[in-house]
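One structure is given below, encoded as structure tokens.
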Amino acid sequence: MTLPKLVEHLAGRRLAVLTGAGCSTESGIPDYRGPETARRARNPMPFKAFIGDPAARRRYWARSMIGFPRLAAATPNPAHQALAELEHAGVTAGVITQNVDGLHQAAGSRRVVELHGNLGWVRCLDCDALEARRRLQERLVALNGDFAGVGAMAPDGDADVAADTERFVVPSCQRCGGDLKPAVVFFGESVPQERVTEARRLVDHAEALLVVGSSLVVFSGYRFVRQAAADEKPVFIINQGPTRGDPLAELRLDARAGTALPDLVAELVKRRPLGKDQPTPHA
């Protein structure tokens, strides 16, 4: 499928957008299942291992301490910026994202449903208190300033660490002394129902679903493709490589998000209909 054909099918429609890791790879954040995954395959941390195994928890926080600065320094790429522009033009109902990097908001998107949470925060498993991840990074470094052993950056602010983590010190909750966990959904956890409900509402209010940069292997995102198809709303996909949703999609464009989206959005904004749900263009 070509970009002009995708423009032809999307023009004039109110869209819901579902994004995955492929939307952020051009910001330097690796994905789990993209074209490069075979060279650096890594499974996400299972929730049961994190809460039940202190050694696994130490390894997680050691890798996170090394990887977080690069995640925190990441900036929105043209894909994020294009989707923010699409929302500001009134073409999209909002963005549903499987990403945890906060780059949609940094680009200016206002209505974002973060299905898997946000790595910018950590939560106490005992008292539920929140702490900014940047603040926790300061405490991690203060306790483990001589820790080293870095390899390549991995998905979700993780990093390969070859050093022994047995002596790595993990800070506790400052309120109650409990164990801290990133405020994200780990493998084996369920997406909170209120987020699913909000995301379903976005799809309900849209006339079509555009999927950007997701293989749709994880059900948390794939469910919205099924929802749109069940409601007889067309599904369009921009992704490098095949996806689980291809059989339900009307069209798929095999392309990088940051390459395809700016041109796509420019055309959709140009062709948007003006009405009570659409803002008028600026003079």
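Heads up: the sequence shown begins at 17 in the numbering used here, then just goes up one per residue.
Beta carbons: idealized from backbone N, C-alpha and C, even for Gly.
Cβ-based burial, residue i [other Cβ within 10 Å; buried from 16]
i    : result
C140 : buried
E4   : One cannot answer for residue 4 here, as it falls past the ends of the chain, which runs 17 to 299.
G28  : exposed
Q209 : exposed
K64  : exposed
C192 : exposed
D162 : exposed
P258 : exposed
G136 : buried
R75  : buried
A89  : exposed
C189 : buried
Nearest-angstrom Cβ-Cβ length linking residue i and residue j, presumed shorter than 8 Å
i    : j    : result
F203 : R149 : Not a contact, Cβ separation roughly 19 Å.
L119 : H96  : 5 Å
D117 : L87  : 6 Å
R242 : L264 : 7 Å
V138 : L196 : 5 Å
V281 : E101 : 6 Å
G261 : Q114 : G261 to Q114, Cβ: 13 Å. No contact.
V219 : A244 : 6 Å
Counterpart residues of residue i in DSSP-defined beta bridges
i    : result
G133 : V200
L34  : I112 and V227
V128 : V111
Minimum Cβ-Cβ distance from residue i to chain C less than 7 Å
i    : result
K197 : Annotation note: the requested chain C is absent from the structure, which comprises a single protein chain.
### Query
Below 8 Å, can you find three or more Cβ-Cβ pairs linking the region 24-42 to the region 271-289?
With the cut-off at 8 Å, the region 24-42 and the region 271-289 touch.
### Task
Kindly provide the ranges of any alpha helix (DSSP H) runs that are 4 or more residues long and lie completely inside the region 137-216, ordered along the chain.
Taking only runs of at least 4 residues, the alpha helix (DSSP H) segments lying wholly in the region 137-216 are 149-159.
### Query
Can we say the region 26-39 touches the region 101-121, given the rule of at least three CB pairs closer than 8 Å?
With the rule of 3 Cβ pairs closer than 8 Å, the region 26-39 counts as touching the region 101-121.
### Message
Quick check on the DSSP output: what are the complete alpha helix (DSSP H) runs of length 4 or more inside the region 247-291, in order along the chain?
### Response
Here the runs fully enclosed are 273-287.
### Query
Could you give the uninterrupted runs of the alpha helix (DSSP H) lying entirely in the region 59-126, keeping only those of 4 residues or more?
Listed in chain order, they are 63-68, 70-89, 94-104 and 119-123.
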